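Novice: For what it's worth, full-length UniProt numbering labels the leading residue of the sequence shown as 1, then goes sequentially.
C-beta atoms are modelled at their ideal positions from N, C-alpha and C, and glycine is treated no differently.
Here the structure is a predicted model, which is why all the values come from computation and not from measurement.
Structure below; questions to follow.
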Amino acid sequence: MIRVLLVDDQPLLRSGFRALLEAEDDITVVAEAADGRQGVDLARMHRPDLALVDIQMPVMDGIETTRRIAADPALAGVRVVILTNYGDDEHVFQALRAGAAGFLVKDITPDDFLHSVRVAARGDALLAPSITRRLISHYVNEPPGGGANRFVAELTNREREAVVLVARGLSNGEIATRMVISPLTAKTHVNRAMTKLHARDRAQLVVFAYESGLLSPRTGSH
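What follows is the structure, given as C-alpha cells:
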C-alpha cells in the first residue's frame, strides 16, 4: 500500500486528489495539510511513502517544506513530489536541490497522475517533460559547476555511466540493458553513486549530471 500525504492550501484540489487516489486499491491518503508547516508535522507523525506538496502555500512554501523533510533523518523514507501550476516555475531548481524527487504539473490527466504517484513511490525520478525541458535549457546557459565537479572523481566509470543514463530518464532495467549488466548490478551502481554524491534520490542525480558536466544539455552526450 502506497501511503500519501497531501499538502496543498486549496481544499477543493486536495479533495479531488484524495478521491482519485483512494479509488485505487494500492494507494491510501494518510493525512492532509493546508500549509507547509502542518505538512512537515504530519509527515513526522505519519511517515508517508510520498508527500505531494504544492510549491506555493501560505506559512511555509513547498521549497522550505521539502528542505525540512529532506533534512530530517527520521523522514529519509519520505519522497516529496512538488505540485505546480506551471511547467516553467522559477522555483524548480531550488526545490530539486532541496530534495524533491520530482514535479507534477496540476493539469496532468488522472491516469498520468496515478501512474506518476506509483513511479515516485518506487523511487524513480519524476520530472514532467515540460520541467525536464526547462531543466536542460537552464544548464545550456550555465557552465558546469565546480562544486559538483569535485565529486566526479569519486565515481567509478560504471557509476558515472549509470548517472548519465539516470539523467536521460532510463529506469534500472533500461540501464541494465544499455550497460549489458543485470538489473541488480545496475541498481547497485545507481545506489552507490547516490551514496557517494549524497543524493537523496534519482532526481538529484539528474541535477548532478548537468551541474558536473557529465551530461551535455546541448548534445545529450557525455
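Assuming contact is defined by CB atoms lying nearer than 8 Å, are K196 and E154 in contact in what I supplied?
Specialist: Taking 8 Å as the Cβ cut-off, K196 and E154 qualify as a contacting pair.
Novice: Is P48 buried or exposed, if buried means 16 or more other CB atoms sit within 10 Å of its CB?
Specialist: Buried, by the Cβ-count rule.
Novice: So, do the region 12-25 and the region 63-71 have three or more beta carbon pairs nearer to each other than 8 Å?
Specialist: Counting Cβ pairs under 8 Å, fewer than three are found: no touch.
Novice: Roughly how far, in whole angstroms, is the beta-carbon of D53 from the beta-carbon of V80, given that I think they are within contact range, below 8 Å?
Specialist: Here the sequence assigns Val to residue 53, which means Asp is not the residue at that position. Contact holds; Cβ gap of about 6 Å.
Novice: So D54 is in the beta strand (DSSP E); what residue range does that whole segment cover?
Specialist: Residues 50-54.
Novice: Please classify G99: does DSSP put it in a helix, a strand, or coil?
Specialist: G99 falls in the coil class under three-state DSSP.
Novice: Between which two residues does the alpha helix (DSSP H) harbouring E159 extend?
Specialist: Unbroken alpha helix (DSSP H) run through E159: 157-167.
Novice: Quick one: grab the DSSP three-state call for T177.
Specialist: Here T177 sits in helix by DSSP.
Novice: Compute every distance between the C-beta of S171 and the non-hydrogen atoms of the ligand NAD, then say whether any falls below 7 Å.
Specialist: Annotation note on the ligand NAD: not contained in the displayed structure, which lists no ligands.
Novice: Is residue 226 near V152, with beta carbons less than 8 Å apart?
Specialist: Because the chain in this structure spans residues 1 to 222, residue 226 falls outside the shown range and cannot be described.
Novice: What is the rounded straight-line gap between the Cα of V166 and the Cα of A43?
Specialist: If you take the alpha carbons of V166 and A43, they lie about 28 Å apart.
Novice: If we ignore side chains and look at the alpha-carbon of each, how far apart do A101 and V4 end up?
Specialist: Answer to the nearest angstrom: the Cα atoms are 14 Å apart.
Novice: So what does L104 bridge to, in DSSP terms?
Specialist: L104 is bridged to L83.
Novice: If you count every other CB in all the chains shown that lies within 10 Å of the CB of M57, and 16 or more means buried, which is it?
Specialist: Result: buried.
Novice: To the nearest angstrom, report how far apart A162 and I108 are at their CA atoms.
Specialist: Taking the straight line from one Cα to the other gives about 29 Å.
Novice: Between the C-alpha atoms of R118 and D26, what's the straight-line distance to the nearest angstrom?
Specialist: Their Cα atoms are separated by approximately 9 Å.
Novice: Shortest alpha-carbon distance to I82 belongs to which of G39, P73, P11, R168?
Specialist: The shortest C-alpha separation from I82 is found at G39.
Novice: Would you mind working out which of A193, A34, R200, V29 sits nearest R97, comparing C-alpha positions?
Specialist: Answer by Cα proximity: R200.
Novice: When you compare the CB positions of L6 and V29, do they come within less than 8 Å of one another, or not?
Specialist: It is a contact, given that the beta carbons lie within the stated cut-off.
Novice: Go ahead and label S171 buried or exposed: buried means 16 or more other beta carbons lie within 10 angstroms of its beta carbon, across all protein chains shown.
Specialist: Classification of S171: buried, given that the 10 Å Cβ count is 16 or more.
Novice: In whole angstroms, give me the CA-to-CA distance for T156 and V59.
Specialist: C-alpha separation (whole angstroms): 43 Å.
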